[in-house]
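*Asks:* The C-terminal position of the sequence shown is numbered 599 in my numbering, with every residue numbered one higher than the one before it. Starting off with a structure, shown below.
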Amino acid sequence: MAFTEPLRRSEDFGPGDYEWLHLLVGDWQLVSDLGFADLVLSFPVDYIPAAGSGNGRGMPAPGSAFEVLAHVRPLTGPTVFHQDLVGERLPAELSGPLRAAWVARRPDTLRAGAERGEGARQVTAVPLVRNGRTLAVLTVHTRRRAGEEATRQELVYRETADLLLRMANEGLWPDFSAPTGSRRGAPRVGDGTIRLDADDRVVYVSPNADSSLRRLGIDGELVGERLMDLVPPALGAGSVPDETLAPVLTGRMPWRTEVSGSRASISFRSVPLKDRSSRFGALLLCRDVTELRRRDLDLVSQEATVREIHHRVKNNLQTVSALLRLQARRMTTPEARHGLEQAMRRVATIALVHETLSQGFTQNVDFDELIERQFRLAAEVAAPEQSVRTRMIGEFGELPTRLATPLALVINELVTNAVEHGLGRRPGTVTLEARRTPGTEDGGPRLEVVVSDDGAGMGRPAVEESGAAAFRQAGPGEGLGMQIVRTLVASELDGTIRWAPREGGGTEVTVSVRLEEP
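Below, the structure written as structure tokens:
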């Protein structure tokens, strides 16, 4: 359940309010790390909607407790709360001050003092106000041990956290224009922090940020300099900076960008600092992603290698299939020619699976695209001079690669068997149907594959085989094809197979395969 679900009972939220809170919680680790504080998002248990509040804005009922909706701990220092507070209620003594802060719509320090010899603990309430309405309350919980003297880095970090909290109170942060895609490789506070003033000049550089910039080739004093005057020249002659570089390095836009020099690749993220009238600076986060990009290149190389392997296997199998075809043409006995043609068809089926795998690098295969052509081809090859119609029902969807080859072979053999033995020399229809069934208490989801024909029928009762029994029991048809089917269903697919008379005449073969949980 989304943490905003309890808020929907307020009926006061406007367009974008829920999304804005989700953006805030998705990025509030930044504030927690800068402030060395636990952040707690809470909402009143008893809420008076705007229609009943008398002032056009909803508010907590007098004496209402506040329920915790979300909680984040700092990665840069010790936590105040060792147990997660989500679903809990804040202490009763905070209810009155939190309600007052909600109504006033201004941040307020609620409590400060020493607790159990652990130093000074402070709680600050920050009402999250958007379009003149308080949506929730953010409480900032910090603790500082007695006698500790704050370093320059701590002072800058806490000041920046306070500025971001003030922007959150005014609904100015987070910004909807900030990218919300993958955060892989995105810099955090501990990776490197830079503060800019209103003129885009550096006023503070953390040690990690200084190290990252030096790996990029930027030496000398950075304070007082503009990054746009330093970074592009360090990239080397002929480099073409991304169009997002200037807005990020000047702190104008809340975007991310990445630059690569001869020795390092650095990812930058910009957070403009502003009030309702102007921008007065920016926070830049940077991270050395050189090793990460090297691993990405390795993965791309591995992907290309795997695709090439599948492509070569497909080519080799097609060569084997062509050799079998040539050999079949030289056979003088019909039985030998037919056996080689069947072997050729089976090899071609496996080659088709590898052709599909060579076109992508995923754990699953779009089986519908793979089997549709093979289904029609199997029916045509089994009876080239016979009028056989094919029909597909349902969708297989994506299947794991480990199931694709054996299942394609099973379908190929069942379709061939339906044409040769079910229809005989008569015209008819072969139907391939796929049905997915959801998981139950007795097992996970299953895929049922039904191959049926409207031929003469079995002339015997239904037969079902599963597990090791598939190797022992005799189903209809004693040829090599049915032995292949039983072996693959039992050993590779770990499934069951059932032969039964088809309603209206003919035979129906159902293969049931257990799928992995999504």
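Ideal Cβ positions, reconstructed from N, Cα and C, are used throughout, including at glycine. Predicted, not measured: the structure shown is a model, and the values here were computed from it.
1) Could you tell me the alpha carbon to alpha carbon distance between ALA118 and ARG211, rounded to whole angstroms?
2) Report the rounded CA-to-CA distance for VAL218 versus LEU102, giving the unit in angstroms.
3) Counting only runs that start and end within the region 300-388, where is the alpha helix (DSSP H) found for 4 or more residues in a row?
4) Determine which residues share a DSSP beta bridge with VAL153 and list them.
5) Starting from THR482 and walking both ways along the alpha helix (DSSP H), at which residues does that stretch end?
6) Please report how far the alpha carbon of GLY342 lies from the alpha carbon of THR486, in whole angstroms.
7) When you compare the CB positions of GLU339 and VAL370, do they come within less than 9 Å of one another, or not?
8) Could you check the C-alpha separation between PRO313 and TRP336 for me, to the nearest Å?
9) Which term fits ARG517, buried or exposed, when burial requires 16 or more other beta carbons within 10 angstroms of its beta carbon?
10) Once DSSP output is grouped into helix, strand and coil, what is the label at VAL126?
11) On the CB-based measure, 16 or more other CB atoms within 10 Å of its CB, does GLY135 come out buried or exposed?
12) Sort ARG368, ARG410, ARG357 and GLU436 by Cα distance to LYS395 and report the nearest one.
13) Near SER593, what residues of its chain come up, given a Cβ to Cβ distance below 6 Å and the 5 sequence neighbours on each side ignored?
14) Identify, in the order they occur along the chain, each residue of the same chain with its Cβ nearer than 6 Å to the Cβ of ARG186, setting aside the five sequence neighbours on each side.
15) Please look up how many angstroms separate the CB atoms of GLN455 and ASN397, rounded, as I've assumed it's under 8 Å.
16) Closest to VAL469 by C-alpha separation, out of GLY503, LEU488, GLU479 and GLY475, would be which residue?
17) Using alpha carbons as the reference points, say which of THR400, PRO172, LEU366 and GLU235 lies closest to SER293.
18) Contact between the region 167-187 and the region 86-100: three or more CB pairs below 8 Å?
19) Between the C-alpha atoms of VAL106 and ASP114, what's the straight-line distance to the nearest angstrom?
20) Rounded to whole angstroms, what's the CA-CA distance from ARG472 to ALA515? Just pull it up for me.
21) For ASP189, does the three-state DSSP call read helix, strand or coil?
22) Measuring only the C-alpha atoms, how far is LEU490 from ARG333?
23) Give the C-beta separation of LEU175 and LEU191 to the nearest angstrom, bearing in mind that I take them to be a contact with Cβ-Cβ under 8 Å.
24) Note down the Cα distance separating ALA181 from THR232, rounded to an integer number of angstroms.
25) Using only the alpha-carbon positions, how far apart do GLU422 and THR414 sit?
*Replies:* With the given structure in hand:
1) Locating residue 118 in the sequence shown gives position 37, counting from the first residue. Locating residue 211 in the sequence shown gives position 130, counting from the first residue. Distance between the alpha carbons of ALA118 and ARG211: 23 Å.
2) Counting from 1 along the sequence shown, the entry for residue 218 is found at position 137. Counting from 1 along the sequence shown, the entry for residue 102 is found at position 21. Approximately 11 Å between the Cα atoms of the pair.
3) 308-315 and 326-330
4) Numbered from 1 along the sequence shown, position 72 holds the residue referred to as residue 153. Paired residues: LEU120.
5) For the purposes of this step, residue 482 is taken as the residue at position 401 of the sequence shown. Element bounds for THR482: 482-498.
6) Residue 342 sits at position 261 when you count from the first residue of the sequence shown. Residue 486 sits at position 405 when you count from the first residue of the sequence shown. So the two alpha carbons sit approximately 45 Å from each other.
7) Translated into positions along the sequence shown, residue 339 becomes position 258. Translated into positions along the sequence shown, residue 370 becomes position 289. Taking 9 Å as the Cβ cut-off, GLU339 and VAL370 qualify as a contacting pair.
8) For the purposes of this step, residue 313 is taken as residue 232 along the sequence shown, with counting starting at 1. For the purposes of this step, residue 336 is taken as residue 255 along the sequence shown, with counting starting at 1. Computed Cα separation, rounded: 18 Å.
9) As a first step, residue 517 is located in the sequence shown; it is residue number 436 there, counting from the start. ARG517 is exposed by the Cβ-count criterion.
10) In the sequence shown, residue 126 corresponds to position 45, counting from 1. Coil, per DSSP.
11) Your numbering for residue 135 matches position 54 in the sequence shown. Any reading at GLY135 needs caution, since the residue's pLDDT is 48, under 50, leaving its predicted position unreliable; the model's value is listed next. It counts as exposed.
12) Within the sequence shown, the letter at position 314 stands for residue 395. Per the Cα distances, GLU436.
13) Translated into positions along the sequence shown, residue 593 becomes position 512. The residues are ARG527, GLU529, GLY576 and THR577.
14) As a working mapping, residue 186 is identified with position 105 in the sequence shown. So the qualifying residues of the chain are PRO208, VAL210 and THR215.
15) Within the sequence shown, numbered from 1, the residue matching residue 455 stands at position 374. Within the sequence shown, numbered from 1, the residue matching residue 397 stands at position 316. The Cβ separation is near 19 Å, so there is no contact.
16) Taking the first residue of the sequence shown as 1, we reach residue 469 at position 388. Of the listed residues, the one whose Cα sits closest to VAL469 is GLY503.
17) Residue 293 sits at position 212 when you count from the first residue of the sequence shown. Residue LEU366 is the option with its Cα nearest to SER293.
18) no
19) Position 25 of the sequence shown, counted from the start, is the residue given in the question as residue 106. Position 33 of the sequence shown, counted from the start, is the residue given in the question as residue 114. If you take the alpha carbons of VAL106 and ASP114, they lie about 13 Å apart.
20) Translated into the one-based positions of the sequence shown, residue 472 becomes position 391. Translated into the one-based positions of the sequence shown, residue 515 becomes position 434. Their Cα atoms are separated by approximately 11 Å.
21) Sequence index remark: in the sequence shown, residue 189 carries index 108 (1-based). Note: ASP189 maps to strand in three-state DSSP.
22) Taking the sequence shown and counting its residues from 1, one reaches residue 490 at position 409. Taking the sequence shown and counting its residues from 1, one reaches residue 333 at position 252. Spanning the two alpha carbons is a distance of roughly 59 Å.
23) Here residue 175 refers to the residue found at position 94 of the sequence shown. Here residue 191 refers to the residue found at position 110 of the sequence shown. At roughly 6 Å, the Cβ-Cβ gap stays under 8 Å, so LEU175 and LEU191 are in contact.
24) Along the sequence shown, one-based indexing puts residue 181 at 100. Along the sequence shown, one-based indexing puts residue 232 at 151. In a straight line, the C-alpha of ALA181 is about 34 Å away from that of THR232.
25) Counting from 1 along the sequence shown, the entry for residue 422 is found at position 341. Counting from 1 along the sequence shown, the entry for residue 414 is found at position 333. Each residue's alpha carbon lies about 13 Å from the other.
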